[in-house]
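As structure tokens, the structure follows; a few thoughts come after it.
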Amino acid sequence: MEQMRKLPVGIQTFEKLREGNYLYVDKTAWVYELASNSTPYFLSRPRRFGKSLLLSTFEAYFSGRKDLFQGLAIEKLETRWEAYPIFHLDLNARKYE
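Numbering (the numbering used here), first residue to last: 72 to 168.
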């Protein structure tokens with residue numbers, strides 16, 4: 072019998088989600104498509120709908136963290152796994168100076 076996975080309630084980072092073995096609906100094929108397509112996209116999502124997790128997934132992908140994507144669709148799509156410089160702006164900060 073397979074052990075039930077934990078639900079990722081409150082988990083907003085891809086790394087914590089994958090390393091904690093939380094339940095994850097694999098959308099990494101879309102991440103690969105968005106990253107490899109030159110067409111600009113506007114992604115609007117309602118509140119509490121995974122914006123931070125999506126950005127964290129992109130951050131892990133562009134950091135070349137192949138280890139986090141084992142067993143997911145993007146593992147078969149990406150062949151290079153290069154690391155790129157990343158500028159991370161956290162819009163959840165409480166105080167801006």
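Every residue gets a Cβ at the ideal spot worked out from N, C-alpha and C, and that includes glycine.
Asked	Found
Could you have a look at K98 and say whether DSSP puts it in helix, strand or coil?	coil
Taking the straight line between their C-alpha atoms, what separation do you get for L105 and D138?	20 Å
How should F12 be labelled, buried or exposed, when 16 other C-beta atoms within 10 angstroms of its C-beta is the threshold for buried?	Any answer about residue 12 is impossible in this case: the structure gives the chain only from 72 up to 168.
Is I145 closer than 7 Å to T99 when the C-beta atoms are compared?	yes
Opposite Y93 in the DSSP bridges: which residues?	K77
Ends of the alpha helix (DSSP H) at I15?	Residue 15 is absent from the structure shown; the chain starts at 72 and stops at 168.
Measuring straight from C-alpha to C-alpha, what distance separates L126 and P111?	16 Å
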